[in-house]
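K.L.:
Sharing a structure with you now.
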Amino acid sequence: MTFPANPTATSAVVGDRLRLVSGPGAAALLKGLTMPAVVAAFATYLVVGIITMKVPAGTVFPGPQFFPAIIAAGLYVFAAALVVSAVKEMRERTSTPTTATIATDGDASPRPVRVDVRSLAWVVLPFFAFAFLLDILGWIIAAGLLFWCVARGFGSRKPLVSLLVGLTVSSLAYIGFDMLLGMPLPSGILGGF
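In the UniProt record's numbering, the protein residues as written are 1 to 193.
Okay, here's the thing in structure tokens:
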């Protein structure tokens with residue numbers, strides 16, 4: 001049986017029966033704990049930002065640290081729920097030999113799909129690069145490149161179009177936040193740092 005070039009993008013077809021192919025118990029658990037680790041790392045990044053944030057002395061409640069703290073707490077709760085779900089799924093797999101199916105429509109046997117690590121890397125790694133390069137490159141360039149990378153991860157076959165759309169959307173977001181709402185976004189190299 002052959003797998004499509006990008007099963008991550010093509011596996012969500014409505015009406016298909018899908019079976020996630022994974023290895024033995026430890027590999028399946030590691031695969032299930034990857035996303036909670038990424039979510040918890042992002043929440044920790046937010047907490048470090050909240051702690052190191054310079055807040056003026058006369059700031060009243062709720063202040064600039066309040067809403068990021070709510071988001072960080074929610075992310076930790078979400079990560080914990082994902083860990084519980086991964087452990088529960090691993091226990092169910094080891095106790096019963098059946099596999100989970102998605103969108104059972106008809107009597108066809110489930111089509112096996114795998115997680116495309118290359119596509120996952122094209123989606124996840126640019127978020128880390130975006131976080132570290134935002135001040136240097138600025139919002140317009142960094143968000144445009146992030147859009148391009150995510151489109152590439154989802155199987156876009158037109159890289160120039162994806163880049164142009166990403167730069168256009170990030171430019172419109174910059175105009176909306178910076179000029180219309182008065183909430184400045186980093187301009188980076190386009191604004192001379």
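Glycine is no exception: its CB is placed at the ideal position from the N, C-alpha and C atoms.
Under 8 Å by Cβ, that's how I've got Val-123 and Val-161 pegged, so tell me the actual separation to the nearest angstrom.
P.N.:
What you label residue 123 is simply residue 123 of the sequence shown in a count that begins at 1. What you label residue 161 is simply residue 161 of the sequence shown in a count that begins at 1. The pair is not a contact, with the Cβ atoms about 18 Å apart (cut-off 8 Å).
K.L.:
Quick one, which of Asp-135, Thr-168 and Ser-119 has its alpha-carbon nearest Gly-155's?
P.N.:
The sequence position of residue 155 within the sequence shown is 155, counting from 1. Comparing Cα-Cα distances from Gly-155 to each of Asp-135, Thr-168 and Ser-119, the minimum goes to Ser-119.
K.L.:
I'd like to confirm something about Phe-42: is its beta-carbon nearer than 7 Å to some heavy atom of the ligand HEM, or not?
P.N.:
This structure lacks the ligand HEM; in fact it carries no ligand of any kind.
K.L.:
Taking the alpha carbon of Ile-189 as the point to measure from, which residue in Ala-57, Arg-152, Trp-139 and Ile-175 has its own alpha carbon closest?
P.N.:
One-based indexing of the sequence shown puts residue 189 at position 189. Measuring from the Cα of Ile-189, the nearest candidate turns out to be Trp-139.
K.L.:
Rounded to whole angstroms, what's the CA-CA distance from Pro-64 to Tyr-45? Just pull it up for me.
P.N.:
Numbered from its first residue, the sequence shown carries residue 64 at position 64. Numbered from its first residue, the sequence shown carries residue 45 at position 45. Distance between the alpha carbons of Pro-64 and Tyr-45 is about 16 Å.
K.L.:
Quick one: measure Cβ to Cβ for Leu-75 and Phe-128, integer angstroms, because I've assumed they're closer than 8 Å.
P.N.:
Against the sequence shown, residue 75 aligns to sequence position 75. Against the sequence shown, residue 128 aligns to sequence position 128. With a Cβ gap of about 15 Å, Leu-75 and Phe-128 do not count as contacting.
K.L.:
Taking the CB atoms as reference points, tell me whether Val-47 and Ala-72 lie closer together than 8 Å.
P.N.:
Taking the first residue of the sequence shown as 1, we reach residue 47 at position 47. Taking the first residue of the sequence shown as 1, we reach residue 72 at position 72. In this structure, Ala-72 lies closer than 8 Å to Val-47 by Cβ.
K.L.:
In angstroms with no decimal places, state the Cα-to-Cα distance between Thr-34 and Ala-79.
P.N.:
For the purposes of this step, residue 34 is taken as residue 34 along the sequence shown, with counting starting at 1. For the purposes of this step, residue 79 is taken as residue 79 along the sequence shown, with counting starting at 1. Their Cα atoms are separated by approximately 10 Å.
K.L.:
Rounded to whole angstroms, what's the CA-CA distance from Ile-50 to Phe-67? Just pull it up for me.
P.N.:
Start at 1 with the first residue of the sequence shown, and residue 50 comes out as number 50. Start at 1 with the first residue of the sequence shown, and residue 67 comes out as number 67. Approximately 10 Å, taken between the alpha carbons.
K.L.:
Go through its chain and collect everything with a Cβ distance to Leu-137's Cβ below 7 Å, but skip five positions before and after it.
P.N.:
On the sequence shown, residue 137 is found 137 positions in, with the first residue counted as 1. The residues are Gly-188 and Ile-189.
K.L.:
Note down the Cα distance separating Met-183 from Ala-173, rounded to an integer number of angstroms.
P.N.:
Position 183 of the sequence shown, counted from the start, is the residue given in the question as residue 183. Position 173 of the sequence shown, counted from the start, is the residue given in the question as residue 173. The straight-line gap from Cα to Cα measures roughly 11 Å.
K.L.:
Can you list, in chain order, the residues of its chain whose CB lies under 6 Å from that of Leu-181, leaving out five sequence neighbours each side?
P.N.:
Within the sequence shown, the letter at position 181 stands for residue 181. Counting only Cβ-Cβ distances below 6 Å, and skipping sequence neighbours, we find nothing.
K.L.:
Starting from Asp-135, follow the alpha helix (DSSP H) in both directions and report where the run begins and ends.
P.N.:
Within the sequence shown, residue 135 is the residue found at index 135, counting from 1. Element bounds for Asp-135: 117 to 137.
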